[in-house]
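Asks:
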Amino acid sequence: MKYIFLIILGSWFSSVNLLAQDKIDSVKPKKKHIKTVEYKLKKGELKNRDSLFASNSYPYSFMVFDKNGHMIEVGRKNADGSLINKNVYIKDEKGISAKGFKIIASNEIERYWINQYDLDGNLIKTKTYDSGDNLIHHSTLKYDAQGNVIEKSVTDVLLNSGYRIINEYNVNGKLKQRFKYSLEGELLTVSKYAYKKRKFFHTMKDKKDGSQFKQVYKYDAGKNLIGLNTYDNEGDLIGKRSYDYIYDDFGNWITQKCRSYGKLHKVMEREIEYYK
Numbered sequence: 011m012k013y014i015f016l017i018i019l020g021s022w023f024s025s026v027n028l029l030a031q032d033k034i035d036s037v038k039p040k041k042k043h044i045k046t047v048e049y050k051l052k053k054g055e056l057k058n059r060d061s062l063f064a065s066n067s068y069p070y071s072f073m074v075f076d077k078n079g080h081m082i083e084v085g086r087k088n089a090d091g092s093l094i095n096k097n098v099y100i101k102d103e104k105g106i107s108a109k110g111f112k113i114i115a116s117n118e119i120e121r122y123w124i125n126q127y128d129l130d131g132n133l134i135k136t137k138t139y140d141s142g143d144n145l146i147h148h149s150t151l152k153y154d155a156q157g158n159v160i161e162k163s164v165t166d167v168l169l170n171s172g173y174r175i176i177n178e179y180n181v182n183g184k185l186k187q188r189f190k191y192s193l194e195g196e197l198l199t200v201s202k203y204a205y206k207k208r209k210f211f212h213t214m215k216d217k218k219d220g221s222q223f224k225q226v227y228k229y230d231a232g233k234n235l236i237g238l239n240t241y242d243n244e245g246d247l248i249g250k251r252s253y254d255y256i257y258d259d260f261g262n263w264i265t266q267k268c269r270s271y272g273k274l275h276k277v278m279e280r281e282i283e284y285y286k
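Just so you know, the sequence shown maps onto residues 11 to 286 in the working numbering.
1) Report yes if the CB atom of LYS109 is closer than 7 Å to the CB atom of ILE119, and no otherwise.
2) Terminal residues of the continuous beta strand (DSSP E) containing PHE223?
3) At a cut-off of 6 Å, would you count HIS212 as near the ligand FMN, judging by its Cβ distance to the nearest heavy atom?
4) Looking at the strands, I want to know which residues DSSP matches up with GLY249.
5) How many whole angstroms separate the CB atoms of ASN97 and GLY85, which I take to be in contact at a CB cut-off of 8 Å?
6) Taking the alpha helix (DSSP H) that ALA155 belongs to, which residues open and close that run?
7) Can you tell which of LYS207, VAL164, LYS206, ILE176 has the C-alpha that lies nearest to the C-alpha of VAL200?
8) Can you give me the start and stop residues for the beta strand (DSSP E) that LEU198 sits inside?
9) Compute the Euclidean distance between the alpha carbons of TYR241 and LYS224, then round it to the nearest angstrom.
10) Decide if PHE355 is buried, meaning its Cβ has at least 16 other Cβ atoms within 10 Å, or exposed.
11) Could you check the C-alpha separation between ILE124 and ALA231 for me, to the nearest Å?
12) Can you check whether the CB of LYS40 is closer than 7 Å to the CB of TYR285?
13) Only counting the same chain, and skipping five residues up and downstream in sequence, which positions put a Cβ closer than 7 Å to that of TYR255?
14) Check the DSSP bridge columns for ASP287 and list the partner residues they point to.
15) For GLU48, I'd like the list of residues in its chain whose CB is within less than 6 Å of its CB, leaving aside the five on either flank, ordered along the chain.
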C-alpha cells in the first residue's frame, strides 16, 4: 500500500508540473486545444506520432482553452472520440471560475460546484453538489497578506470524513512546511520542502506509523520536470525517473519520454491547436 501511495503521489506532482509549465506566455499564440495520448512501450518499440493520432486506437485526455488562455474544459475520451468524462469551468475574462460541472459519458451532469472568492480574487470556498442538488463536498481556504494559502479544510459529506492542512512559508514566499490533520485534530502527516537552484525537495513523514519518504525533483531551464528520485526511510533509492522532451516551434512540448532507472517505459504525445 505504501509503495502504491508513493507512485500516486509522484504521478500527482508530475501532473501538477505538466499543467504548471503550460501557463500562458503572452508572446506565444494562445493554445486552443491539447490532445494527449499516453502509452507504455511493448518490447521497447516507439510508435509513429502521426499514425498514433490518426489511428484512433488509443483513449486520450484533452484540454480546451478560451481566447484569454484560461482552461475551460479538461477530460478524457475513448479512442473513437466518445466522451468518458470531463470537467467544464465557467470563467470570466480574468479566469475566475464561479461554477463548474462534471459531465459523464451519457452527457449528463454528475456533479457541479460553486466557488466563492474574496475581494482580492482568492478562492475561499467551494461547495460541490450531486445532480439532485445534494451537498456532497465542501472546502474552505485562508490566505496570508501575500496571497499564500495558509489553511485548507476539506469535508466529504457522503463519507463523513475530511482533513485540514496548515501551510508555512519561507521569507521568499515558498512553501516550507505542511501539516495535515484529521477533522478531529489528529496530526496525520508532516511535509517539509526545500529548494536549490533547479531542484525541489519534498519529505513526508506519517505520524501514525512513523514511515517517511523523500522525493527530489529536478527541472530544466524551462521549468519542465526532468528527474524524480524517491527514497525510503533508510535513504535507499526506491524510484528513479527521468524525462526528456521534444518541443514545437512555440516552445511547448509535444513529446515526453519517461524512463525508469534509465529504461524507456512510457511516452506521452501531445497535439496542440492554437488560436489564429
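In this text, a Cβ means the ideal position worked out from N, Cα and C, and glycines have one as well.
In this text, all values refer to a predicted model and were calculated from it rather than measured experimentally.
Replies: On the basis of the data shown:
1) Residue mapping note: residue 109 aligns to position 99 of the sequence shown, counting from 1. Residue mapping note: residue 119 aligns to position 109 of the sequence shown, counting from 1. Taking 7 Å as the Cβ cut-off, LYS109 and ILE119 do not qualify as a contacting pair.
2) Here residue 223 refers to the residue found at position 213 of the sequence shown. Per DSSP, PHE223 belongs to the beta strand (DSSP E) from 222 to 229.
3) This structure simply doesn't include the ligand FMN, nor any ligand for that matter.
4) One-based indexing of the sequence shown puts residue 249 at position 239. Per DSSP, THR240.
5) The sequence position of residue 97 within the sequence shown is 87, counting from 1. The sequence position of residue 85 within the sequence shown is 75, counting from 1. Rounded, the Cβ-Cβ distance is 6 Å, consistent with contact.
6) Residue mapping note: residue 155 aligns to position 145 of the sequence shown, counting from 1. Careful: ALA155 lies outside any alpha helix (DSSP H) and carries neither H nor E.
7) As a first step, residue 200 is located in the sequence shown; it is residue number 190 there, counting from the start. Of the candidates LYS207, VAL164, LYS206, ILE176, the one whose C-alpha sits nearest the C-alpha of VAL200 is ILE176.
8) On the sequence shown, residue 198 is found 188 positions in, with the first residue counted as 1. Element bounds for LEU198: 197 to 206.
9) In the sequence shown, counting from the first residue as 1, residue 241 sits at position 231. In the sequence shown, counting from the first residue as 1, residue 224 sits at position 214. Their backbone Cα atoms lie some 5 Å apart in a straight line.
10) This structure leaves residue 355 out entirely; the chain is present only between 11 and 286.
11) As a first step, residue 124 is located in the sequence shown; it is residue number 114 there, counting from the start. As a first step, residue 231 is located in the sequence shown; it is residue number 221 there, counting from the start. Each residue's alpha carbon lies about 37 Å from the other.
12) Here residue 285 is taken as the residue at index 275 of the sequence shown, counted from 1. Here residue 40 is taken as the residue at index 30 of the sequence shown, counted from 1. Cβ distance < 7 Å, so TYR285 and LYS40 count as in contact.
13) Reading the sequence shown from its first residue, position 245 is the one you call residue 255. Once the five neighbours on either side are set aside, the close Cβ partners of TYR255 are ASN234, TRP263, THR265, GLN266.
14) The displayed coordinates of the chain run from 11 to 286. Any statement about residue 287 would go beyond what the structure contains.
15) Position 38 of the sequence shown, counted from the start, is the residue given in the question as residue 48. The answer, listed in chain order, is MET278.
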